[in-house]
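*Asks:*
Residue numbers (the working numbering): -12 to 127.
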C-alpha cells in the first residue's frame, strides 16, 4: 500500500515536470517565432542592418537573455516565483517590441505600412504576449 502511494506521487511529479517542460518549450518556440518575425519586419523596412533602429538590437538582446534565463532557472519552472518572473520578462518584452513598432519607418523605396496596419500589428503582439503569459499552452 505504501509502495502504491509512493509510485502515484512519483507519477504525479513526473507529470508536472512534463507539463512544465511542455510549457517552457512552447514559450521558447514562441520566442523563436517572434524573433523570426522581427527579422522579417526589419528586412521588409530596411535595406541593410546598419539602418536598423537601436531598439531592434535591444529587443534581440532581451530575447537572448530571456532564453538564457529560462535555461538557467528551468529547474524552478513549477514555482510561483518562476512563473511571476517569466511573466514580467515577457510583459517587458512585449512593451519593448511595441516601442520598436513606433520608431520603425520604412526606408525610401520600401513598402510603407499604414498607421492602421501598425496599430493592428501592435494589438496582435499585445494579444499574443498576454496569451503566452496567461496560458502558454494556448499557442499550440
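We treat Cβ as the ideally placed atom computed from N, Cα and C, and that holds for glycine.
Roughly how many angstroms separate the alpha carbons of residue 125 and residue 62, rounded to a whole number?
*Replies:* Residue placement at residue 125 is poorly supported in this model, since its pLDDT is 47, which falls under 50; the coordinates still yield a value, given next. Approximately 22 Å between the Cα atoms of the pair.
*Asks:* For residue 70 and residue 64, what's the separation of their Cα atoms in angstroms?
*Replies:* 7 Å
*Asks:* Rounding to the nearest angstrom, what Cα-Cα distance links residue 57 and residue 73 in this structure?
*Replies:* Looking at the two C-alpha atoms, the distance is approximately 8 Å.
*Asks:* So, are the CB atoms of residue 85 and residue 40 less than 9 Å apart?
*Replies:* no
*Asks:* Below 8 Å, can you find three or more Cβ-Cβ pairs linking the region 6 to 23 to the region 44 to 57?
*Replies:* In this structure the region 6 to 23 touches the region 44 to 57; the number of beta carbon pairs closer than 8 Å is three or more.
*Asks:* Would you call residue 75 buried or exposed, if buried means 16 or more other Cβ atoms sit within 10 Å of its Cβ?
*Replies:* exposed
*Asks:* Looking at the unbroken alpha helix (DSSP H) that takes in residue 88, where does it start and where does it end?
*Replies:* 67 to 90
*Asks:* What number of angstroms, rounded off, separates the C-alpha of residue 14 from the C-alpha of residue 77?
*Replies:* Take the alpha-carbon of residue 14 and the one of residue 77: they are about 10 Å apart.
*Asks:* Between residue 105 and residue 88, which are expected to be in contact by the criterion C-beta below 8 Å, what is the C-beta distance as a whole number of angstroms?
*Replies:* 6 Å
*Asks:* Just to check my reading of the structure: residue 29 and residue 81 have Cβ atoms closer than 8 Å, yes? What is that Cβ distance to the nearest angstrom?
*Replies:* In fact, because the Cβ distance is near 18 Å, the residues do not count as touching under 8 Å.
*Asks:* For residue 32, count neighbouring C-beta atoms within 10 Å of its own C-beta (all shown protein chains included) and say buried if the count is 16 or more, exposed if not.
*Replies:* buried
*Asks:* What would DSSP say about residue 33, mapped onto helix, strand or coil?
*Replies:* coil
*Asks:* In whole angstroms, what is the alpha-carbon distance linking residue 127 and residue 101?
*Replies:* Residue placement at residue 127 is poorly supported in this model, since its pLDDT is 38, which falls under 50; the coordinates still yield a value, given next. So the alpha carbons of these two residues sit roughly 30 Å apart.
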